[in-house]
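Asks:
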Amino acid sequence: GYLHTGMEKQAEELTYQQGSTNVTRMDYVSPLTNELVFSMATEALLGVELPQRAVWIRMLLAELQRVSSHLLWLATNGMDLASTTMMIFGFREREMVLAFYEKTTGLRMNHNFIRPGGTAADLPDGWEDDVTLICDTIMRRLGNYDELLTGQPIFRERTEGVGAITAEEAIALSVTGPILRSTGVPWDLRRTMPYLAYDQVSFDVIVGTYGDNFDRYAIRLNEVRESIRIIRQVVERMPMGDYRVQDKKVTPPPRARIDESMEALIHHFKIFTEGFKVPEGEVYTAIESPRGEIGCYLVSDGSAKPYRLHIRAPSFVNLQSLPVMLRGGLVADAIATTSSVDPIMGEVDR
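Quick note on numbering: this note's numbering labels position 280 of the sequence shown as 492, and the sequence is numbered without any gaps.
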């Protein structure tokens, strides 16, 4: 409870335009995921259709977010099992992704870049080369991860058969993400309930067999490879066009016009002070975050601020599986098993 700030209640006092600034801080390891699910829920109530370039930009950022999140987990989980080198490797590769985020959004974390109606800006010049370099470097270095951990006898002894959970137990607890897939259930919202343009790219849903700590490690490691596979397809197929909807009720004018037009300045001022009104209604939108299904239940009363916001946080739900995973285990394995859940406490407490 030490990280509870009342984000869902705060949302009722913020406009939809300000909402992504609020939710981005929940899962601070994958902030763009939070922004994406909130923006998609808002857009569903608005009934707007995004330009294809905006859709593919979002997919690129979401998969880079998955890569950086899993790299951080691989680093810290390795450290939890006394692999100091893994900590250095994981942060080294993740740094490349954060540098690209800083170049694209202006910030390394808590970006407020994905907003209702599209994104805050287009991708920077030379982004294709930057992303390709990231993919090539990480794919080359993942072999070091396999040498360091996957084939390491002590690591396997500490993880195989430890913290196991069955598919039936995971489903009963509403667990999602790598934990559910480690039991052999191929549930991934990118495949089972496609959003953005995931139905237009090819990738494999990685599953395990035994539902133990090693399976969860192997799934996240291989999901990095699959995300890079998706990213390469996005680089090849990124469409031209607008990065946000051209609806003056939802999106502000280009910054260049603000210096030239009084009408544009007034429009900009009204969007960011008063916001835009969303038709009355309610919606639930869910996407696949690095930790599982993150959902946004949004209720509008027709004003410029949400009547109610509720987030289905995968970290909170997945933590309920710990009593099952730890049952009959050793105290020495408790830290590694808890780490295998990959909980982000900012998302748990909100």
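All residues carry an ideal CB built from backbone N, CA and C; glycine is no exception.
Can you list, in chain order, the residues of its chain with a C-beta nearer than 8 Å to that of residue 254? Leave out the 5 residues immediately preceding and following it.
Replies: Counting from one through the sequence shown, the residue named residue 254 turns up at place 42. Around residue 254: 228, 231, 328, 490, 510.
Asks: Please state whether DSSP places residue 261 in a helix, a strand or coil.
Replies: Locating residue 261 in the sequence shown gives position 49, where the first residue counts as 1. The answer is coil: DSSP assigns residue 261 none of H, G, I, E or B.
Asks: If you check the beta carbons only, do residue 431 and residue 390 fall under 8 Å apart?
Replies: On the sequence shown, residue 431 is found 219 positions in, with the first residue counted as 1. On the sequence shown, residue 390 is found 178 positions in, with the first residue counted as 1. In contact: residue 431 and residue 390 (Cβ atoms closer than 8 Å).
Asks: Could you tell me how far apart the beta carbons of residue 513 and residue 492 are, in whole angstroms, since I believe they sit closer than 8 Å?
Replies: Here residue 513 refers to the residue found at position 301 of the sequence shown. Here residue 492 refers to the residue found at position 280 of the sequence shown. Going by Cβ atoms, the distance from residue 513 to residue 492 rounds to 6 Å, so yes, they are a contact pair.
Asks: Is there contact here, the segment 348-361 with the segment 292-305, by at least three beta-carbon pairs under 8 Å?
Replies: yes
Asks: Which of helix, strand or coil does DSSP assign to residue 534?
Replies: What you label residue 534 is simply residue 322 of the sequence shown in a count that begins at 1. The answer is helix: DSSP assigns residue 534 an H, G or I state.
Asks: What separation, rounded to the nearest whole angstrom, lies between the Cα atoms of residue 352 and residue 346?
Replies: Counting from 1 along the sequence shown, the entry for residue 352 is found at position 140. Counting from 1 along the sequence shown, the entry for residue 346 is found at position 134. Computed Cα separation, rounded: 10 Å.
Asks: Can you check DSSP and say which residues form a bridge with residue 521?
Replies: As a first step, residue 521 is located in the sequence shown; it is residue number 309 there, counting from the start. Answer by DSSP bridge pairing, in chain order: 510.
Asks: Check whether the segment 392-408 touches the segment 519-528, taking contact to mean three or more Cβ pairs, one atom from each stretch, closer than 8 Å.
Replies: no
Asks: Since residue 549 and residue 375 are thought to touch, with beta carbons under 8 Å apart, how far apart are those beta carbons, to the nearest angstrom?
Replies: Translated into the one-based positions of the sequence shown, residue 549 becomes position 337. Translated into the one-based positions of the sequence shown, residue 375 becomes position 163. With a contact defined as Cβ atoms closer than 8 Å, residue 549 and residue 375 qualify at about 4 Å.
Asks: Considering just the uninterrupted stretch of the alpha helix (DSSP H) at residue 552, what are its terminal residues?
Replies: In the sequence shown, counting from the first residue as 1, residue 552 sits at position 340. Segment 546-553, the alpha helix (DSSP H) holding residue 552.
Asks: Sort 393, 407, 522, 252 by Cα distance to residue 220 and report the nearest one.
Replies: For the purposes of this step, residue 220 is identified with residue 8 of the sequence shown, where counting begins at 1. Nearest C-alpha to residue 220: 522.
Asks: If we require 4 or more residues per run, which alpha helix (DSSP H) segments fall completely within the segment 355-428?
Replies: Those alpha helix (DSSP H) runs which fall completely within the segment 355-428 and span 4+ residues are 365-371, 379-384, 390-393, 401-404.
Asks: Which partner residues does residue 456 have in the DSSP bridge list?
Replies: One-based indexing of the sequence shown puts residue 456 at position 244. 330, per the DSSP bridge assignment.
Asks: Work out the CA separation of residue 423 and residue 586 for me, nearest whole Å.
Replies: What is shown of the chain runs 213 to 562, which leaves residue 586 out entirely.
Asks: Grouping DSSP H, G and I as helix and E and B as strand, with all else coil, what is residue 495?
Replies: Counted from its first residue, the sequence shown places residue 495 at position 283. Reduced to three states, the DSSP call for residue 495 is strand.
Asks: Looking at C-alpha atoms only, which residue of 517, 501, 508 is the closest neighbour of residue 484?
Replies: As a working mapping, residue 484 is identified with position 272 in the sequence shown. Residue 517 is the option with its Cα nearest to residue 484.
Asks: To which residues of the same chain is residue 308 closer than 7 Å at the C-beta, ignoring the five residues directly before and after it?
Replies: To locate residue 308, count along the sequence shown from 1; it is residue 96. Taken in chain order, the residues that qualify are 346, 349.
Asks: Near residue 311, which residues of its chain fall below 7 Å by C-beta distance, leaving aside the five closest residues on each side in sequence?
Replies: Counted from its first residue, the sequence shown places residue 311 at position 99. If we look at residue 311 and ignore the five residues flanking it on each side, it has no Cβ neighbours.
Asks: Could you name the residues of the same chain whose beta carbon sits closer than 6 Å to that of residue 537, not counting the 5 residues immediately before and after it, in chain order?
Replies: Working through the sequence shown from its first residue, we reach residue 537 at position 325. For residue 537, where only same-chain residues beyond five positions count, the Cβ hits under 6 Å are 375, 377, 549.
Asks: Whether or not the segment 455-472 and the segment 261-273 are in contact is what I'm after, with contact meaning three or more pairs of Cβ atoms, one per stretch, closer than 8 Å; do they touch?
Replies: yes
Asks: Applying the 10 Å Cβ sphere with the 16-neighbour rule, what's the burial state of residue 340?
Replies: If you number the sequence shown from 1, residue 340 lands on position 128. With fewer than 16 Cβ atoms within 10 Å of its Cβ, residue 340 is classed as exposed.
Asks: Go through its chain and collect everything with a Cβ distance to residue 276's Cβ below 6 Å, but skip five positions before and after it.
Replies: Along the sequence shown, one-based indexing puts residue 276 at 64. Around residue 276: 309.
Asks: For residue 472, which of helix, strand or coil comes out of DSSP?
Replies: By one-based count along the sequence shown, residue 472 stands at place 260. Residue 472: coil per DSSP, three-state reduction.
Asks: Please report how far the alpha carbon of residue 383 lies from the alpha carbon of residue 500, in whole angstroms.
Replies: The residue labelled residue 383 in the question sits at position 171 within the sequence shown. The residue labelled residue 500 in the question sits at position 288 within the sequence shown. Each residue's alpha carbon lies about 16 Å from the other.
Asks: Would you mind stating whether residue 238 and residue 559 have Cβ atoms separated by less than 8 Å?
Replies: Taking the sequence shown and counting its residues from 1, the one referred to as residue 238 is at position 26. Taking the sequence shown and counting its residues from 1, the one referred to as residue 559 is at position 347. Yes.
Asks: At the 8 Å Cβ level, is residue 550 part of the contact set with chain D, yes or no?
Replies: The structure shown contains no chain D; it holds only a single protein chain.
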